[in-house]
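Undergrad:
Right, here's the structure in full:
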């Protein structure tokens, strides 16, 4: 549809810019969904990109696994190779676009490209979350740029917003829906009352979830992205291993429904917050108010909320996956590379927002140290008496309850679902209480605990 | 509150960066709300800003009207003057921040600063919307930067998103809530059923509207900002005089209520769209679906939606006014100036997103040429018969109706309010029909016409 619309514009298309400067020579590794999308957008929008950049961006060489398949995608001027090292070592290439994925060979290739003095553009969040420190240090030493806007919430220029747009601010927290697959699944669970397994199956059928959805539904992909957001927000090194992660695989459709009754919805959020006790770095299903802007982010869309001291709350919304949305970010990075070519590295936007000598680790708070509001569901018999005992017990333990909702349990006749929304409570305290409650004879195990966030 | 929170962080504050580079020497003109906010944030966040930028940003000189008042705001190292030309002519100043407002003296000062080879940062949308072509041409000729992130939706880095983040894209349209005052008034009218005058009075009482609200409520401030958004989106010159503008002063609370019954809300939108018939540039109250993300933008907040061919729809949300949100943008521009100091102008991000030689005017479509869905309200007697006649008449004229809602008119007993939502209709056709209907004896004049937008 877009292409049709374009075809109808004969006026004002920037198709013939005069560019005296030599083109930026790009070598690409990988020609899968993102690689092919990047190639396609660079071809289709070459005129408008050059009109903005003042320089043409040309893909000169592509490394692929299957040469014959690739020959059907790119035009004959593009040199195809099945040796990715031929790309990173080629002296005729200025910048390497890594869109092959993975963290093994990709790491080697990126480091080799850097050692050859080439800039690198990548959308590989796993690579940077796990090996970012090594890669950025190497780039810094060689005076080259490693750009990665496509690694987080692809279509949204959130890395640029954090590193540049909000440069004046102390950033207090970042919270986002940064995995489209899980947001799609949660949106379907909420809208249609589906269970996790059914919603996942539908997401897979429609291409919103991969055949092996583990990285997405277990929250690891979101944790990769959160690692990069936190580093840019707070000037800390990338520290994927310190992110607390809960996925959505054990989420019960009943909790989504009961949360809805109380005016909340459940989103998988990545949250990074600076507190007096240390840095919070966590990914988990979270209750947010149903009328919060972030609750309106449906399907596979992404959004990132940033709270900072001068700007206040800002939000950034867009597609979180897809060939062309990712291409948009990859090409924006290539344009940025054009802008800084030849400049002194210290004058450029630093890889992680802060000058390398200003990056310092902050202690990361353990999840037990979190103080949060909680949604608790307990399945009980004889609710009238049990609830009274429950509230008494919680009060003694120091857990105060702000809202209470008792409904018949749809799956278990004779049982009731008791939902409690607590006041802010230390997680350590809450876990102790829940362990005790699980022993009560009229409590059918301990059903669900979900953290809540106000995000204001 | 922010300051308290900061005071409690002793770990990880970037307060002592080592900056070998000479500081960026800033001269500021004006020390009103925005000027004082900029000074305050630069002082408070000096450490974190330098840690990001690798360079200190120092306000060396401020031109003000009232020296004594200013002396209570800035520290004694800052040179105060009541002669703004002393700032723009001072060889010890690298960049001039213009936050005095207005389009007369401000224009002269900005042009003089440029002629002295100084970069300029301004949040003055009226100045750039009216004199942008002259100012950017002068800056281009002198090889200096005129940065203006604060001129549009202050806290939101939307200029950066359009110029850099979306550089790979053909942008199809931009639509935004870009005036906080009117959005506050409309939010109050909707939430409380207030009339325009009452909501305006409340906005004035709370400081959301100025004593003279004309620029805001007549849509001119939004038009100024739309001018800049459109130029950056489409590579056209700034053309304020070609924007079609309707404000909210004649908006009837009844229409907000009746639109709500049908699942819509009314927002003052700035819309710039490229169509085969030319560029649409328009500011007017607009019906959008109540479940659209933009409909969730309440109070004085701003949001800009961008539709582009590769990235799809992205949205940017944040405070649209205020001292520190504006300061956030002004300082981000100062940081950008640090990044490009000494670079060749052609390598920098161009003032209006496109290289100067690639900017070309597109024909602007007259509002009559618009094809849109419409909300029509007619106040009638004997609705049963009149509605049948009405629909027959509209059908003959080529206006097809998608939804109809008849309610008793709250203000006029015996009369009914008939609301029609049309299919897409040329505005020219619609205006003709409405002129005829106004002559009908059982139609009490012609009540309201509002344009609708799907924004998807």
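Residue numbers (our numbering), protein chains in the order written: chain A, 1 to 456; chain B, 457 to 912. The beta-carbon is built from N, C-alpha and C at its ideal position, and this holds for glycine as well.
Contact check, residue 402 of chain A vs residue 235 of chain A under 8 Å by CB: the rounded distance?
TA: As a working mapping, residue 402 of chain A is identified with position 402 in the first chain. As a working mapping, residue 235 of chain A is identified with position 235 in the first chain. Their Cβ separation, rounded to whole angstroms, is 36 Å, which puts residue 402 of chain A and residue 235 of chain A out of contact at 8 Å.
Undergrad: Enumerate in chain order the residues of its own chain whose CB-to-CB distance from residue 269 of chain A is below 6 Å, with the five nearest sequence positions on each side excluded.
TA: On the first chain, residue 269 of chain A is found 269 positions in, with the first residue counted as 1. 175, 286, listed in sequence order.
Undergrad: What does a CB cutoff of less than 7 Å around residue 804 of chain B pick up in its chain, not counting 5 residues either side in sequence?
TA: If you number the second chain from 1, residue 804 of chain B lands on position 348. For residue 804 of chain B, where only same-chain residues beyond five positions count, the Cβ hits under 7 Å are 601, 796.
Undergrad: Let me confirm a value: residue 678 of chain B is counted as buried when at least 16 other C-beta atoms fall within 10 Å, else exposed. Which label applies?
TA: Counting from 1 along the second chain, the entry for residue 678 of chain B is found at position 222. Its Cβ being crowded by 16 or more others within 10 Å, residue 678 of chain B is buried.
Undergrad: Could you tell me which uninterrupted beta strand (DSSP E) segments, each at least 3 residues in length, are contained entirely in the stretch 33–90 of chain A, listed from first to last along the chain?
TA: As far as the stretch 33–90 of chain A is concerned, its whole beta strand (DSSP E) runs of at least 3 residues are 57–63, 79–81.
Undergrad: Which residues bound the beta strand (DSSP E) around residue 757 of chain B?
TA: Position 301 of the second chain, counted from the start, is the residue given in the question as residue 757 of chain B. From DSSP, the beta strand (DSSP E) with residue 757 of chain B extends over 757–764.
Undergrad: According to DSSP, simplified to helix, strand and coil, what is residue 673 of chain B?
TA: Locating residue 673 of chain B in the second chain gives position 217, where the first residue counts as 1. In this structure, residue 673 of chain B counts as helix in the three-state DSSP scheme.
Undergrad: Kindly say whether residue 175 of chain A, judged by its beta-carbon, lies nearer than 9 Å to any beta-carbon of chain B.
TA: Taking the first chain and counting its residues from 1, one reaches residue 175 of chain A at position 175. False, the Cβ-Cβ gap to chain B never drops below 9 Å.
Undergrad: Look at the Cβ atom of residue 302 of chain A, then the Cβ atom of residue 171 of chain A, and state whether they are nearer than 9 Å.
TA: Within the first chain, residue 302 of chain A is the residue found at index 302, counting from 1. Within the first chain, residue 171 of chain A is the residue found at index 171, counting from 1. Not in contact: residue 302 of chain A and residue 171 of chain A (Cβ atoms no closer than 9 Å).
Undergrad: On a Cα-Cα basis, can you pick out the residue from B:580, B:566, B:525 that is closest to residue 541 of chain B?
TA: Start at 1 with the first residue of the second chain, and residue 541 of chain B comes out as number 85. Taking only the C-alpha atoms, the option nearest residue 541 of chain B is B:566.
Undergrad: For the structure I just gave you, are there three or more beta carbon pairs, one from the stretch 526–541 of chain B and one from the stretch 475–489 of chain B, closer than 8 Å?
TA: yes
Undergrad: State the start and end residues of the unbroken alpha helix (DSSP H) segment that holds residue 359 of chain A.
TA: As a working mapping, residue 359 of chain A is identified with position 359 in the first chain. From DSSP, residue 359 of chain A is part of no alpha helix (DSSP H); its letter is neither H nor E.
Undergrad: Is residue 858 of chain B helix, strand or coil by DSSP?
TA: On the second chain, position 402 is the one that residue 858 of chain B refers to. In the three-state reduction of the DSSP assignment, residue 858 of chain B falls in the strand class, which pools E and B.
Undergrad: By the three-class DSSP mapping on this structure, what secondary structure does residue 246 of chain A have?
TA: As a position in the first chain, residue 246 of chain A is number 246, starting the count at 1. Three-state DSSP puts residue 246 of chain A in coil, outside helix and strand.
Undergrad: Output needed in chain order: residues of the stretch 170–196 of chain A with a Cβ under 8 Å from some Cβ in chain B.
TA: 170, 172
Undergrad: Could you check where the beta strand (DSSP E) with residue 119 of chain A kicks off and where it finishes?
TA: The residue given as residue 119 of chain A occupies position 119 in the first chain. Taken as a continuous stretch (DSSP letters only), the beta strand (DSSP E) holding residue 119 of chain A covers 119–122.
Undergrad: I'd like the list of long-range same chain contacts for residue 839 of chain B, defined as Cβ closer than 8 Å, with 5 residues on each side in sequence excluded.
TA: On the second chain, residue 839 of chain B is found 383 positions in, with the first residue counted as 1. Cβ within range, chain order: 862, 872, 874.
Undergrad: Spatial neighbours of residue 664 of chain B within its chain, please: CB distance less than 6 Å, with the 5 preceding and 5 following residues excluded, ordered by chain position.
TA: Looking up residue 664 of chain B in the second chain gives position 208. Here the set comprises 637, 640, 756.
Undergrad: For a quick check, are the C-beta atoms of residue 380 of chain A and residue 152 of chain A less than 9 Å apart?
TA: Taking the first chain and counting its residues from 1, the one referred to as residue 380 of chain A is at position 380. Taking the first chain and counting its residues from 1, the one referred to as residue 152 of chain A is at position 152. In this structure, residue 152 of chain A does not lie closer than 9 Å to residue 380 of chain A by Cβ.
Undergrad: So, are the CB atoms of residue 118 of chain A and residue 88 of chain A less than 9 Å apart?
TA: Working through the first chain from its first residue, we reach residue 118 of chain A at position 118. Working through the first chain from its first residue, we reach residue 88 of chain A at position 88. Yes. Within cutoff.
Undergrad: Have a look at residue 674 of chain B and residue 166 of chain A and give me their C-alpha separation to the nearest angstrom.
TA: What you label residue 674 of chain B is simply residue 218 of the second chain in a count that begins at 1. What you label residue 166 of chain A is simply residue 166 of the first chain in a count that begins at 1. Their Cα atoms are separated by approximately 31 Å.
Undergrad: Is residue 721 of chain B close to chain A? Criterion is C-beta to C-beta, closer than 9 Å.
TA: Sequence index remark: in the second chain, residue 721 of chain B carries index 265 (1-based). False, the Cβ-Cβ gap to chain A never drops below 9 Å.
Undergrad: Cβ atoms of residue 330 of chain A and residue 121 of chain A: under 9 Å apart, would you say?
TA: Walking along the first chain from the start, residue 121 of chain A turns up at place 121. Walking along the first chain from the start, residue 330 of chain A turns up at place 330. For the pair residue 121 of chain A and residue 330 of chain A, the CB atoms are nearer than the 9 Å cut-off.
Undergrad: With respect to the alpha helix (DSSP H) encompassing residue 888 of chain B, which residues constitute its N-terminal and C-terminal limits?
TA: Locating residue 888 of chain B in the second chain gives position 432, counting from the first residue. Segment 883–893, the alpha helix (DSSP H) holding residue 888 of chain B.
Undergrad: Cutting at 6 Å between CB atoms, please list the residues of its own chain near residue 5 of chain A, excluding the five before and the five after it.
TA: If you number the first chain from 1, residue 5 of chain A lands on position 5. In this predicted model, residue 5 of chain A has a pLDDT of only 35, less than 50, meaning its place in the structure is not dependable; the value taken from the coordinates is given anyway. Around residue 5 of chain A: no qualifying Cβ.
Undergrad: Judging by CA-CA distance, which residue of A:91, A:101, A:123, A:124 is the nearest neighbour of residue 115 of chain A?
TA: To locate residue 115 of chain A, count along the first chain from 1; it is residue 115. Comparing Cα positions, the closest option is A:91.
Undergrad: Using three-state DSSP, classify residue 741 of chain B as helix, strand or coil.
TA: Taking the first residue of the second chain as 1, we reach residue 741 of chain B at position 285. Correct three-state label for residue 741 of chain B: strand.
Undergrad: Nearest to residue 168 of chain A by alpha carbon, out of B:604, B:733, B:501?
TA: Residue 168 of chain A sits at position 168 when you count from the first residue of the first chain. Nearest C-alpha to residue 168 of chain A: B:501.
Undergrad: Span of the alpha helix (DSSP H) holding residue 666 of chain B?
TA: Taking the second chain and counting its residues from 1, the one referred to as residue 666 of chain B is at position 210. Element bounds for residue 666 of chain B: n/a, residue is neither H nor E.
Undergrad: Residues of chain B with a CB under 9 Å from the CB of residue 382 of chain A: which are they?
TA: On the first chain, residue 382 of chain A is found 382 positions in, with the first residue counted as 1. None at all; the shortest Cβ gap to chain B is about 41 Å.
Undergrad: When you compare only the Cα positions, how much space is there between residue 93 of chain A and residue 112 of chain A?
TA: Stepping through the first chain from its first residue, residue 93 of chain A is reached at position 93. Stepping through the first chain from its first residue, residue 112 of chain A is reached at position 112. If you take the alpha carbons of residue 93 of chain A and residue 112 of chain A, they lie about 13 Å apart.
Undergrad: Which whole-angstrom value is the C-beta distance of residue 246 of chain A and residue 284 of chain A, which I expect to be below 8 Å?
TA: Locating residue 246 of chain A in the first chain gives position 246, where the first residue counts as 1. Locating residue 284 of chain A in the first chain gives position 284, where the first residue counts as 1. About 4 Å separates the beta carbon of residue 246 of chain A from that of residue 284 of chain A, a gap short enough to meet the 8 Å contact definition.
Undergrad: Looking only at its own chain, which residues have a Cβ that is under 6 Å from the Cβ of residue 469 of chain B, when we skip the five neighbours before and after it?
TA: As a first step, residue 469 of chain B is located in the second chain; it is residue number 13 there, counting from the start. With a pLDDT of only 48 at residue 469 of chain B, under the threshold of 50, the placement of this residue in the model should not be trusted, and no figure is reported.
Undergrad: Are residue 123 of chain A and residue 154 of chain A touching if we call contact CB-CB under 9 Å?
TA: Numbered from its first residue, the first chain carries residue 123 of chain A at position 123. Numbered from its first residue, the first chain carries residue 154 of chain A at position 154. For residue 123 of chain A and residue 154 of chain A, yes; Cβs fall inside 9 Å.
Undergrad: Residue 782 of chain B bridges to which residues according to DSSP?
TA: For the purposes of this step, residue 782 of chain B is taken as the residue at position 326 of the second chain. Residue 782 of chain B is not bridged to any residue.
Undergrad: Over the uninterrupted alpha helix (DSSP H) stretch that includes residue 594 of chain B, give me the two end residues.
TA: Working through the second chain from its first residue, we reach residue 594 of chain B at position 138. Per DSSP, residue 594 of chain B belongs to the alpha helix (DSSP H) from 581–598.
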